[in-house]
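Following: one structure in structure tokens, then a few remarks.
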Amino acid sequence: MSTLVLDRLRKRYDRTTAVERVDLTAKQGELVALLGPSGCGKTTTLRMVAGFIAPTDGRVLIGDRDVTQVPVHLRNTGMVFQAYALFQHMTVAQNVAFGLEMRRVERAEREKRVAEALRLVRLDHLADRMPRQLSGGQQQRVALARALVVNPAVFLLDEPLSNLDAKLRAEVRMEIRALQQRLGLTTLIVTHDQEEALTMADRLVVMERGRVRQIGTPEELYENPADVFVASFVGNCNLVAGTLERPGSFRTQSGTLLPCTSEAPAANDGLVLALRPERVTVTPGEGAPGDIRAQVTAVTYLGAQTEYHLDLNGTTLRASRSTPLHDDPLRRIAPGEKLTLSWDAASARLLPAETETGDET
Amino acid sequence: MAALVLPAALLVFTLLVAPMALLARISLNHYSPTELMVEAFTAENYIRAVADPYYQQVLATTLGVAFLCTVLTVLLGFPAAYWLARMESNRKSIATILTLLPLLVGNVVRSAGWMALLGNEGGINAALRALHLTSGPLQLLYTPGAVIVGITAVVLPYMVLTLAAVIESIPRQAEEAAANLGATASTVFRRVVLPLSLPGVAAGSVLVFILCMNAYATPLLLGGPQFKMMAPAVYDQFVRGNNWPFGAALAFILLVATLVLTVIGSMALSRRYRG
Ligand SMILES: Nc1ncnc2c1ncn2[C@@H]1O[C@H](COP(=O)(O)OP(=O)(O)OP(=O)(O)O)[C@@H](O)[C@H]1O
Ligand SMILES: [Mg+2]
Chain V
6 MSTLVLDRLR KRYDRTTAVE RVDLTAKQGE LVALLGPSGC GKTTTLRMVA GFIAPTDGRV
66 LIGDRDVTQV PVHLRNTGMV FQAYALFQHM TVAQNVAFGL EMRRVERAER EKRVAEALRL
126 VRLDHLADRM PRQLSGGQQQ RVALARALVV NPAVFLLDEP LSNLDAKLRA EVRMEIRALQ
186 QRLGLTTLIV THDQEEALTM ADRLVVMERG RVRQIGTPEE LYENPADVFV ASFVGNCNLV
246 AGTLERPGSF RTQSGTLLPC TSEAPAANDG LVLALRPERV TVTPGEGAPG DIRAQVTAVT
306 YLGAQTEYHL DLNGTTLRAS RSTPLHDDPL RRIAPGEKLT LSWDAASARL LPAETETGDE
366 T
Chain E
1221 MAALVLPAAL LVFTLLVAPM ALLARISLNH YSPTELMVEA FTAENYIRAV ADPYYQQVLA
1281 TTLGVAFLCT VLTVLLGFPA AYWLARMESN RKSIATILTL LPLLVGNVVR SAGWMALLGN
1341 EGGINAALRA LHLTSGPLQL LYTPGAVIVG ITAVVLPYMV LTLAAVIESI PRQAEEAAAN
1401 LGATASTVFR RVVLPLSLPG VAAGSVLVFI LCMNAYATPL LLGGPQFKMM APAVYDQFVR
1461 GNNWPFGAAL AFILLVATLV LTVIGSMALS RRYRG
């Protein structure tokens, strides 16, 4: 258990740069998620921490010790692989005992700790099974126990949930988080599932093409994204290009004026208004003169939520809210009809426009 | 569906089972120097083969050579197979073809090559003389060593390709997981790669052992007239001695010895794998 510091970490291959520059400090006991689209360098970063890949530049520090040159087997990281990578020729208990054997823990102590670790992941009754006799979720928990039992200085997980079905994923996610907090493990987890990252992590690192776009708590990233890429990658977001008309008023490219926050970034032209769909309140009826009116192009019923696709003089916007009750006039709104929109001006944030936007959002 | 198996089954029957049955029958006949084969039902050929110190020696030599060659191919083949299995895919296909290439050279041609290299006037002795390392020629050809080297070179590709197929199925991440848990490279090999490769070692060994037991051209050409293995001995009886019954008995002894040892060997290996 230690802090983890990545200092200007970089990895170049012959033709590509997998990781351009990653700076990160994970505090003792903190869970940090690396989040980003496919190919942005998450796995490469994680594998540099574990020591499987030698960085081209930069340093990895675990608990103030520079381990950049330290070989994998001496780094004391606990890694959970996407495909679990269990030892197929060993029983569950032997799998979990492996790391302790390598550390020359004596037999009695070893057996005690293996039993403890298996109890922790609720698999004590399957200790003598072979991995191939387990379900995916159970194999995943063996992999967790095997990595945890050695008290790693840093706990590393590469998309540990991607092979599980949706229900199990939510369950194991909670389990990993609970274990990690209980054991106070400094943890780096890779995911491209933003919901996973938001629910599990103390802090998120949003990456794109080998660079860190923003680091922050889930709330910071969601409420206050640094740029258009982060806004669109973390949660859903309306992004409307335009310019600032005057403080608190934004002019879209089609000329409509929209209320916005008074905090604007330095560049006045080439701005993007970022507005979360759930912050937009829709009401049926005419509204007062000067209200924002939009035409409904589609209504998507999602059970608990309903999404309204709106056209605002050529600007498209999405609004979402909890599905209205049966007697609510909103329930009968159909495409072609008009709605009145409103939002708290502070919720409509202004971001600098990007010349190049993320490709896979 | 069952009908589709019929042609293959028929082929196996006419080409393998029927001749073997015939051979079994012949091995029980009596041999007379004047009338050659005489219809009979006797175990005398087997008794003679087992009791005769000469044929005991031939069988022992055959077993010894086959065993040594099998061990050698495992030891030489494993690193090559590992390297091949872990190669990037585009280079791997080229390397696989290169591994197969030696099989294009027939055993007789290859042995002739070894003779040119190992003979008293051959390449190695010439080089040693040129470097003034030896005064007289070293006896390299017509030694058991020449036979073992020759056979090993023939069967090595089979071992490499069999092992590579199994090693390829071991996920690299299993090795990484072991290293991550504190295992050094040699421990990763001993605790993860080797146990998971044992089925491949077993399969490759069986294949190679059978090939070695039945080696014909290589022992004949590289071993010289004094060196006898079973397959050439069987040939001698059939063709030179015209003693079909005794040749058939020798053939069956070779077959049974091969079968028994491969079964025992692979059972022992698979038990280790499970344990
Ligand atoms: N050995 C390599 N040689 C060359 N390029 C590589 C190598 N490994 C990775 N890359 C490249 O580096 C980039 C980052 O790869 P990485 O595996 O870290 O992505 P990732 O963020 O984990 O993606 P995913 O979500 O798909 O797993 C990719 O563009 C990839 O093609
Ligand atoms: Mg990845």
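Protein sequences appear in the order of chains V and E.
With the working numbering applied, the first sequence has no gaps in its numbers, which climb one by one up to 366 at the end.
With the working numbering applied, the second sequence has no gaps in its numbers, which climb one by one up to 1495 at the end.
Don't be surprised by glycine CBs; every beta carbon is placed ideally from N, CA and C.
Between glutamate 1396 (chain E) and valine 101 (chain V), the alpha-carbon positions lie close to 15 Å from each other. The C-beta of glutamine 1393 (chain E) comes closer than 8 Å to at least one C-beta of chain V. Nearest CB-CB separation between methionine 205 (chain V) and chain E: not below the 8 Å threshold. In the DSSP assignment, methionine 212 (chain V) forms a beta bridge with V:Val217.
Here the distance from the Cβ of aspartate 198 (chain V) to the nearest heavy atom of ligand 2 is not below 7 Å. Counting along the chain, the unbroken alpha helix (DSSP H) around glycine 1424 (chain E) starts and ends at 1414–1433. Against chain V, the CB of leucine 1230 (chain E) has no partner CB under 8 Å away; the residue lies outside that interface.
Among the residues facing chain V, proline 1415 (chain E) is included, as its CB has a counterpart in that chain under 8 Å away. Between proline 42 (chain V) and glutamate 213 (chain V) the beta-carbon gap is near 7 Å, inside 8 Å, which marks them as a contact. Residue-level contact by beta carbon holds for leucine 1401 (chain E) and chain V, with a gap shorter than 8 Å. For arginine 1411 (chain E) and phenylalanine 92 (chain V), the gap between their C-alpha atoms comes out near 9 Å. Rounded to the nearest whole angstrom, the C-alpha separation of alanine 1241 (chain E) and valine 1278 (chain E) is 24 Å. The beta carbon of alanine 269 (chain V) sits no closer than 8 Å to any beta carbon of chain E. For glutamine 138 (chain V) and alanine 1398 (chain E), the gap between their C-alpha atoms comes out near 21 Å. A distance of 8 Å or more separates the beta carbons of valine 155 (chain V) and valine 119 (chain V).
As summarised for the region 326–353 of chain V, the continuous beta strand (DSSP E) elements at least 3 residues long and confined to that stretch are 343–347, given in chain order. In the three-state reduction of the DSSP assignment, proline 357 (chain V) falls in the strand class. Excluding the 5 residues flanking it on each side, arginine 354 (chain V) has same chain C-beta neighbours closer than 6 Å at Thr266, Ala279, in chain order. The alpha-carbon separation between valine 1369 (chain E) and leucine 1296 (chain E) amounts to approximately 12 Å. Look at cysteine 1432 (chain E): its beta carbon is at least 7 Å from all of the heavy atoms in ligand 1. The region 1415–1426 of chain E makes no contact with the region 1437–1452 of chain E, as fewer than three CB pairs between them are under 8 Å. With distances taken between CA atoms, glutamate 25 (chain V) lies nearest to V:Leu11 out of V:Gly34, V:Leu11, V:His314, V:Ala339. Contact between threonine 328 (chain V) and tyrosine 313 (chain V) is ruled out by a C-beta separation of about 11 Å, above the 8 Å threshold.
At a cut-off of 8 Å between beta-carbon atoms, alanine 1398 (chain E) makes contact with chain V. Taking 8 Å as the cut-off, the Cβ atoms of threonine 82 (chain V) and alanine 55 (chain V) count as close. In the DSSP assignment, glutamate 228 (chain V) falls within the unbroken alpha helix (DSSP H) covering 223–228. Closer than 8 Å to the CB of threonine 82 (chain V) there is at least one CB belonging to chain E. A Cβ-Cβ contact shorter than 8 Å links glutamine 185 (chain V) with leucine 36 (chain V). For valine 159 (chain V), the beta-bridge partners assigned by DSSP are V:Thr82. The Cβ atoms of arginine 178 (chain V) and methionine 135 (chain V) do not sit closer than 8 Å to each other. Isoleucine 181 (chain V) counts as buried, since at least 16 other C-beta atoms from the protein chains shown sit within 10 angstroms of its C-beta. The beta carbon of glutamate 342 (chain V) sits closer than 7 Å to those of Val301, all from its chain and outside the five residues before and after it, given in chain order.
The Cβ-Cβ distance between alanine 1468 (chain E) and isoleucine 1246 (chain E) falls below 8 Å.
With a cutoff of 7 Å, lysine 172 (chain V) does not count as near ligand 2, since its C-beta is closer than that to no heavy atom of the ligand.
Within chain E, no C-beta atom comes nearer than 9 Å to that of glycine 141 (chain V); the closest sits roughly 15 Å away. CA-to-CA, the gap between leucine 1475 (chain E) and arginine 1330 (chain E) works out to about 26 Å.
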